[in-house]
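Which chain is which? The protein sequence lines are A and B, in order. Just so you know, the first sequence maps onto residues 1 to 337 in my numbering. Just so you know, the second sequence maps onto residues 338 to 657 in my numbering.
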Amino acid sequence: MSEKLLEIKNLKTSFRIKDDYHAAVDNLSLTVNKNEVLAIVGESGCGKSALAFSIMGLHTRAKIDGDILFKDKNIAKMSSSEFNKVRGKDIGMIFQDPLTSLNPLMEVGEQIGETLYLHNKNMSKTDRRERVLDLLNKVGIPRAEHVINQFPHELSGGMRQRVMIAMAIANKPELLIADEPTTALDVTIQSQILDLINKLKDDMDSGIILITHDLGVVAEMADRVAVMYAGEIVEIADVKTLFENPLHPYTRSLLNSVPNANSEQEKLHVIQGIVPSLQNLPREGCRFSTRIPWIDQAAHEEHPTLKEVAPGHHVRCTCYKHFSFPDESKEEQHVLS
Amino acid sequence: MWKFTLRRTLIMIPQIIVLSLLIFVLAQLMPGDALSGQIGPDVDPERLDEIREEMGWNDPWYEQYASWMGGVVKGDLGDSFRFKMPVSELIGQRMVNTFWLSVATLILTYLIAIPLGIASGRYNDTWRDQLITGYTYVGFATPLFIFALVMLWIFGFKLGWFPTSGSITPGLEPGTFEYLMSKIYHLILPALSMALITTYSTIQYLRNEIVDTKHKDFILTARAKGASESRVYNRHILRNSLLPIAAFFGFEITGLIGGSIFIENIFGYPGMGQLLVESITLRDYTVLTATTLLFGVASILGALLSDIILSIVDPRIRIK
Chain A
1 MSEKLLEIKN LKTSFRIKDD YHAAVDNLSL TVNKNEVLAI VGESGCGKSA
51 LAFSIMGLHT RAKIDGDILF KDKNIAKMSS SEFNKVRGKD IGMIFQDPLT
101 SLNPLMEVGE QIGETLYLHN KNMSKTDRRE RVLDLLNKVG IPRAEHVINQ
151 FPHELSGGMR QRVMIAMAIA NKPELLIADE PTTALDVTIQ SQILDLINKL
201 KDDMDSGIIL ITHDLGVVAE MADRVAVMYA GEIVEIADVK TLFENPLHPY
251 TRSLLNSVPN ANSEQEKLHV IQGIVPSLQN LPREGCRFST RIPWIDQAAH
301 EEHPTLKEVA PGHHVRCTCY KHFSFPDESK EEQHVLS
Chain B
338 MWKFTLRRTL IMIPQIIVLS LLIFVLAQLM PGDALSGQIG PDVDPERLDE
388 IREEMGWNDP WYEQYASWMG GVVKGDLGDS FRFKMPVSEL IGQRMVNTFW
438 LSVATLILTY LIAIPLGIAS GRYNDTWRDQ LITGYTYVGF ATPLFIFALV
488 MLWIFGFKLG WFPTSGSITP GLEPGTFEYL MSKIYHLILP ALSMALITTY
538 STIQYLRNEI VDTKHKDFIL TARAKGASES RVYNRHILRN SLLPIAAFFG
588 FEITGLIGGS IFIENIFGYP GMGQLLVESI TLRDYTVLTA TTLLFGVASI
638 LGALLSDIIL SIVDPRIRIK
């Protein structure tokens, strides 16, 4: 059994809208082990980034309840000065959009160097420069001596994301959070960046949380996958199980919505409706039920919980047992109703 | 960098030519001339016409403009009709006075604006911010000349803390320490009056920049690196927010010119602004065109200065 690196217990991240708090991450528990890539997938607005930001303590106006244990220390309860010693050092983060995530007025080298400086103030300037050059080479930036003195606007999107990665791994973090690292890049660059992350993962043996909505990325990168819907995990399994034997209706719908070049699908599956907004989220019962209205209400649990259906494979709610796509077998639906 | 500065400086030449043309034509369009006030029972109007003819005032405007510009290029701004002395001499000392008044006002403006702007932006939507924003609204709504009069009345006449007119105590030897102190003493009240009112735009500008920068993605990156809150503010937010303030500097100078016209007249401060108003009422064309031209050139130089400062602080507009 692999070692636990990060353990999230009953995390609840709520945002204030008018006078009420609404949870974007609702009572979520999750573990990340050493040396594994945990992918978190889901549609936009289902709380993936809110979760990542909660771990990094980047929410400024959210209420965070629950515990986040990083190497048995509760980082959710740390003071900001204590936590500043952890983030950037033991936990690194790669952001979604490298175009806006770099300071436009700072040289690339200075920005990477800042991460080093903040966690090791005794490092000499020349050592730091050496280390930055080293990092730039490591993330595959050509002509590092030149790039180190360039500004972000002088670099292409892919290069900027490499700079972001160099910054995130500068202090060899044990946990790396990648929040949709390839969403803002074009396809050819995407695969290069993913290859890079894969390579670095092997070098650093750290845990990675990969947040994405791209199932192709998941298949390529992840060891385990957590599927999030409306602030909750609806299914979690290792990557092979999830792709071969998806159970939760949401997971199955997601997988079914991926265009497949090999099969002659006539029409791409579309999940009905949208992720409900925070205020309109049905907090009781199965949160996905509104988007599969053809499934009988009786199929859902009253208070759905994550249940282990096979070793390491957890599914929320009982509705998966009765789920089928509307155009599939009509008989099954009749039996139910 | 030097290429950029040179190019930017060269653009100024056509700007100044157009400016001089406008000023000259507008001055020509003004009713009356320096002699029209001289009409009296013992003045022969025909003699006045002869003088006009002699002075070349009846020539077509472009010929007059050409001869005026020819002089200006050589540093000869003509003679004042009223003071009977070369305009350049007349302007000399006053320009120095206005320059120091502007410098003092600018320093005070930034001394007030930067801390208030930062506080307002950093703690936006708190009572502190509301207090500061309230002040900027009052500053925006208050006419400078009314405020300056009130300041003069309170601190000059009622309390007697500051001199009420002039730029120097008479009888002091230039170059001595007392002379310098007296200069500064005479500057404080007019400069402060102007700064307190005109600083509102800089405060508001800085506040909005900070509020805007605070929500940028790269601030999250800085926090994710483990930078402390004060470092995030000083290193990332402030630097990126002060940039547009540097760009604003040139406009600040333009505003200063307008302000100094009021302030110098109210405080009886012998500067260019006061001279300008005098020359208008006295129809002293040569002085009027010269002062207006100098004010215009100052604005253009202000814009140039902004661009150069901006190119130094913002790598994105450096032209290679």
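Glycine included, every Cβ here is placed at the ideal spot set by N, Cα and C.
Asked	Found
Beta-carbon neighbours of residue 651 of chain B, restricted to chain A and to distances below 8 Å	105
Proximity test, Cβ basis, 8 Å: residue 564 of chain B and chain A	yes
For residue 628 of chain B, the three-state DSSP class (helix, strand or coil)	helix
Beta-carbon proximity list for residue 255 of chain A, same chain, < 6 Å, skipping 5 on both sides	246
Where residue 561 of chain B meets chain A, residues with beta-carbon distance less than 7 Å	56, 58, 87, 88, 93
Contacts that residue 81 of chain A makes with chain B (C-beta to C-beta distance below 8 Å)	565
Ranges of the alpha helix (DSSP H) found wholly within the segment 38-116 of chain A, counting only runs of at least 4	48-56, 80-84
Cβ neighbour criterion (16 or more within 10 Å) applied to residue 644 of chain B	buried
Own chain residues within Cβ distance below 8 Å of residue 226 of chain A, not counting five before or after	30, 38, 39, 40, 41, 233, 235, 236
Residue 332 of chain A, buried or exposed, once every other Cβ within 10 Å from all chains shown has been counted against 16	A caution first: residue 332 of chain A carries a pLDDT of 43, below 50, which makes its placement in the model unreliable, though a value can still be read off. Exposed.
Under 8 Å by beta carbon: chain A residues contacting residue 577 of chain B	103, 104, 105
Coarse secondary structure for residue 30 of chain A, derived from DSSP in three states	strand
Nearest-angstrom beta carbon gap, residue 489 of chain B and residue 586 of chain B [assumed within contact, 8 Å]	Wrong, their Cβ atoms sit about 28 Å apart, outside the cutoff.
The segment 55-73 of chain A contacting the segment 138-149 of chain A, beta-carbon criterion three pairs below 8 Å	no
C-alpha distance - residue 214 of chain A paired with residue 441 of chain B, whole-angstrom precision	60 Å
Residue 224 of chain A - containing beta strand (DSSP E), residue span	224-229
Beta-carbon proximity list for residue 165 of chain A, same chain, < 6 Å, skipping 5 on both sides	94, 139
Residues of its chain near residue 137 of chain A, where Cβ-Cβ distance is below 7 Å and the 5 sequence neighbours each way are ignored	144
Residue nearest to residue 367 of chain B in terms of C-alpha spacing, selected from B/626, B/633, B/637, B/632	B/626
Residue 106 of chain A versus B/461, B/559, B/525, residue with shortest Cα-Cα distance	B/559
Residue ranges of each alpha helix (DSSP H) within the segment 393-476 of chain B, 4 or longer	398-410, 424-459
Given 8 Å, three or more beta-carbon pairs between the segment 428-440 of chain B and the segment 593-611 of chain B	yes
Partners in chain A for residue 340 of chain B, counting only beta-carbon separations shorter than 7 Å	Under the 7 Å cutoff, chain A gives no residues; its nearest Cβ is about 18 Å from residue 340 of chain B.
Proximity test, Cβ basis, 8 Å: residue 13 of chain A and chain B	no
First through last residue of the beta strand (DSSP E) which encompasses residue 234 of chain A	232-238
Burial state of residue 330 of chain A, where buried means 16 or more other Cβ atoms lie within 10 Å	Interpretation of residue 330 of chain A is limited by its pLDDT of 44, a score under 50 that renders its predicted location unreliable; no figure is taken from the coordinates.
Contact check, residue 547 of chain B vs residue 455 of chain B, beta carbons under 8 Å	yes
Residue 589 of chain B - DSSP class collapsed to helix/strand/coil	helix
Proximity winner among B/378, B/601, B/622, relative to residue 501 of chain B (alpha-carbon distances)	B/601
Check whether residue 457 of chain B and residue 540 of chain B have beta carbons under 8 Å apart	yes
Below-8 Å beta-carbon distance, residue 557 of chain B vs any chain E residue	Absent here is chain E; the protein component of the structure consists of chains A and B.
Coarse secondary structure for residue 243 of chain A, derived from DSSP in three states	helix
C-alpha gap between residue 129 of chain A and residue 113 of chain A, whole angstroms	7 Å
Proximity winner among A/282, A/56, A/98, relative to residue 79 of chain A (alpha-carbon distances)	A/56
Neighbourhood of residue 395 of chain B by C-beta, 8 Å cutoff - its chain only, sequence neighbours within 5 removed	389
Beta-carbon gap between residue 96 of chain A and residue 188 of chain A smaller than 8 Å	no
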